[in-house]
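Single-structure report; data block below.
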């Protein structure tokens with residue numbers, strides 16, 4: 330997500346990293362990040378959450394990685410005798426997924442060793458600090474749903490637009506079953522690939538279904554057109570183009586091409602960060618389309634904003650513990666006092682990043698379509 | 330694909346580029362490459378096939394792009410007054426898709442402005458030189474099939490493996506229809522993403538179906554385990570692990586989870602380059618599994634290699650005109666003389682690159698499942 334927000338997280342995290350300021354405390358149990366490109370050893374992460382990078386650029390004067398707790402300069406790498414540049418973050422990182430990039434002599438590039446993920450309106454390098462609870466999004470030997478790339482007609486934007494549709498395990502065989510649908514949006518700077526790639530939404534769903542914790546449902550991600558506006562100019566963002574695509578084009582396509590329960594009572598919308606803002610606006614504008622609302626680090630509803638209480642089956646509000654979750658908790662209390670079925674979730678020791686949202690999906694999914 | 334092969338193409342192409350050696354002949358009608366990241370102006374391509382690059386790295390001493398006809402050094406960029414590095418290839422490139430990377434002070438990075446594609450066992454930058462016949466793989470306002478990411482159980486490799494399954498338009502609605510299947514393999518250095526990303530196989534199928542040129546069929550791509558062997562050590566490659574995955578694990582999964590015609594007579598296998606080698610080996614090893622064989626820049630069959638002629642419905646052999654197509658034509662003649670239904674295709678003015686294979690799919694698809 331946006332650098333400004335990540336910096337807030339880093340500053341909050343500083344106090345907890347002071348005990349690691351001396352290098353002697355770094356455990357030498359580094360392993361390759363799970364998001365490395367095939368066969369690549371670096372970047373590595375250790376059990377404390379430190380990350381270590383290795384970049385080949387023999388004639389460069391300066392190599393810096395954007396991650397690191399020591400300030401906005403990130404981690405400066407040092408040149409080794411073999412011409413490679415190496416360095417370790419000056420403190421442990423938060424658990425979970427982080428976007429990053431590498432500055433070579435003043436230019437911004439990706440780490441050639443890491444996989445790329447779409448964030449900050451570009452494909453950026455990604456690294457994964459193993460979370461203690463990572464089992465819930467692990468690839469396991471359970472039945473797996475399919476993630477379908479669809480190209481749906483969009484007359485309003487005069488093109489075919491892309492969406493990803495998760496169909497649960499058994500969808501192909503249970504040809505008479507019909508399923509509820511969650512429309513799940515990414516944040517600013519990201520696109521429709523985020524929830525399945527860095528979010529592992531398909532694996533979270535597979536595991537929840539395998540454990541019998543949820544009834545199977547369909548999940549749909551599309552591009553929220555969030556990046557048509559610059560960060561910091563959110564007030565210039567008009568919801569109309571995306572709302573038209575979602576309500577008038579994508580939902581009819583999904584209902585026509587998948588075995589959905591095409592009713593308000595079996596349709597949910599949720600989004601992270603700016604996708605939460607979109608979710609709030611669209612669910613309020615279109616109360617007859619969605620019955621379940623989810624804002625993941627994406628704001629709150631006030632009871633008085635919702636015209637017809639009877640149409641809302643559940644409101645889910647979440648945030649990381651490092652991003653002022655009090656406003657989420659306060660809003661939930663007020664919604665409950667107002668007679669709404671509101672539920673809050675706070676992700677422990679995470680900020681405005683994807684582990685917060687993976688966990689939010691884990692917490693929200695069992696509450697949907699009850 | 331492999332650099333060695335690309336250099337052959339470049340050398341072959343040199344003669345045709347001599348007339349462009351003087352910069353005065355470069356037309357200033359450059360447009361952004363269609364494979365740029367959202368909003369990026371560079372790299373650009375002009376109507377003659379020249380490519381122009383712009384890289385920001387103010388303090389670098391040397392910036393070079395791996396593409397260019399003038400030798401193995403690629404294109405050296407020059408520093409402009411604003412700190413950016415710019416340069417244009419010293420000749421026109423072949424039409425179609427090219428992998429490339431950017432060398433910054435001796436290190437290999439991707440162009441931050443371009444999308445990445447998996448080739449050479451890493452995610453590399455990609456650029457598209459508009460082909461005169463690009464219409465056949467264009468995104469058009471026609472019904473689009475879905476590309477499904479499946480994770481299929483693979484006991485032999487003790488994991489869930491990924492495949493992409495193209496289901497044709499109407500697959501979801503025509504719930505009684507059953508479809509033939511083409512198993513289509515990538516080349517060395519690539520993976521299961523290649524045919525849909527840089528190959529546009531889904532769009533080629535969509536357009537062929539919309540024009541009524543083929544009956545709809547399913548296309549499946551999975552990782553051929555080709556990169557477990559280093560280039561140049563192909564003799565060390567054992568087909569057994571991949572053959573087991575394909576025959577004993579993937580095909581049963583596809584037949585169980587998709588509405589296929591699960592018969593030899595309605596199953597094809599084809600592959601490009603090293604995927605062709607795999608196709609040849611597996612089709613010869615397993616004559617009861619596939620009835621249609623395709624080798625795309627991937628070798629030939631000799632009539633005496635095929636034990637039971639009656640089991641082979643069609644053999645398709647193709648190559649680019651710049652990669653010694655005579656052997657393809659000769660082999661086709663011999664196969665025909667041997668009583669086989671063999672058909673050859675030569676892609677005009679292309680080498681060992683993806684435009685050859687996009688065109689090969691276009692030529693092969695109408696010959697399948699007749």
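Residue numbers (the numbering used here), protein chains in the order written: chain A, 330 to 699; chain B, 330 to 699.
Using N, Cα and C, we set each Cβ at its ideal position, and we do this for glycine too.
Interface annotation for the stretch 442 to 455 of chain B against chain A: 444, 445, 450, 451 and 452, criterion Cβ-Cβ distance under 8 Å.
In chain order, 632 and 638 place their CB closer than 8 Å to the CB of residue 668 of chain A, counting only its own chain and leaving out the 5 sequence neighbours on each side. Taking a beta-carbon distance threshold of 9 Å, residue 481 of chain A counts as an interface residue toward chain B.
In this structure, the alpha-carbon of residue 529 of chain B lies about 20 Å from that of residue 608 of chain B. At a beta-carbon threshold of 9 Å, none of the residues of chain B lie near residue 548 of chain A; the nearest stands roughly 13 Å away. Using a Cβ-Cβ cut-off of 9 Å, residue 556 of chain A counts as an interface residue toward chain B, since at least one Cβ of chain B sits closer than that to its own. Taking 9 Å as the CB threshold, residue 529 of chain A stays off the interface with chain B.
Below the 9 Å Cβ cutoff, chain B contributes no neighbours of residue 566 of chain A, its closest Cβ being approximately 16 Å away.
CA-CA distance, residue 446 of chain B to residue 458 of chain B, rounds to 15 Å.
A Cβ-Cβ contact shorter than 9 Å links residue 593 of chain B with residue 640 of chain B. Taking C-beta atoms as the reference points, residue 432 of chain A and residue 426 of chain A fail to come closer than 9 Å.
Using beta-carbon distances, residue 408 of chain A does not count as an interface residue toward chain B, since no partner is under 9 Å.
Pairwise C-beta distances place the stretch 551 to 562 of chain A out of contact with the stretch 531 to 541 of chain A, as fewer than three of them are shorter than 8 Å. The Cβ atoms of residue 618 of chain A and residue 481 of chain A do not sit closer than 9 Å to each other.
Taking each of A/359, A/389, A/366 and A/391 in turn and checking the Cα distance to residue 376 of chain A, the smallest one comes out for A/359. Per the coordinates, the alpha-carbon of residue 590 of chain A lies some 31 Å from the alpha-carbon of residue 662 of chain A. Nearest to residue 518 of chain B by C-alpha distance, out of A/554, A/687, A/478 and A/366, is A/366. Taking C-beta atoms as the reference points, residue 448 of chain A and residue 523 of chain A count as a pair closer than 9 Å. When DSSP states are grouped into helix, strand and coil, residue 635 of chain B belongs to the coil group. With a contact defined as Cβ atoms closer than 8 Å, residue 568 of chain B and residue 610 of chain B qualify at about 5 Å. Selection B/650, B/527, B/542 and B/672 evaluated against residue 463 of chain B yields B/527 as nearest (Cα-Cα). Of all residues in the stretch 369 to 393 of chain B, only 384, 385, 386, 387, 388, 389, 390 and 391 come within less than 8 Å of chain A when Cβ atoms are compared, listed by chain position.
Using a CB distance cut-off of 9 Å, residue 525 of chain B counts as an interface residue toward chain A. In this structure residue 386 of chain A is in contact with residue 436 of chain B, their Cβ atoms being roughly 3 Å apart against a cut-off of 8 Å. With a threshold of 16 other beta carbon atoms within 10 Å, residue 356 of chain A falls short and is exposed.
Partner residues in the beta bridge of residue 646 of chain B, as assigned by DSSP, are B/624 and B/673. Scanning the stretch 588 to 612 of chain A from its first residue to its last, no whole alpha helix (DSSP H) run of 4-plus residues comes out. Take the alpha-carbon of residue 575 of chain A and the one of residue 487 of chain A: they are about 14 Å apart. Residues of the stretch 408 to 429 of chain B with a C-beta atom less than 8 Å from some C-beta of chain A are 412, listed in chain order.
Counting the other CB atoms within 10 Å of its CB gives residue 504 of chain B a total below 16, which places it among the exposed residues. For the options B/684, B/697, B/539 and B/647, the alpha carbon positioned closest to that of residue 472 of chain B is the one of B/539. Residue 504 of chain A belongs to the set of residues whose beta carbon lies under 9 Å from a beta carbon in chain B. If the five residues before and after residue 393 of chain B are omitted, its C-beta is found closer than 6 Å to the C-beta atoms of 403, 405 and 432, all from its own chain and listed in chain order.
Collapsing the DSSP output to three states places residue 660 of chain A in a helix.
DSSP, read as helix, strand or coil, puts residue 641 of chain B in coil. A distance below 7 Å between beta-carbons, with the five flanking residues on each side excluded, links residue 588 of chain A to the following residues of its chain, in chain order: 506, 507 and 508.
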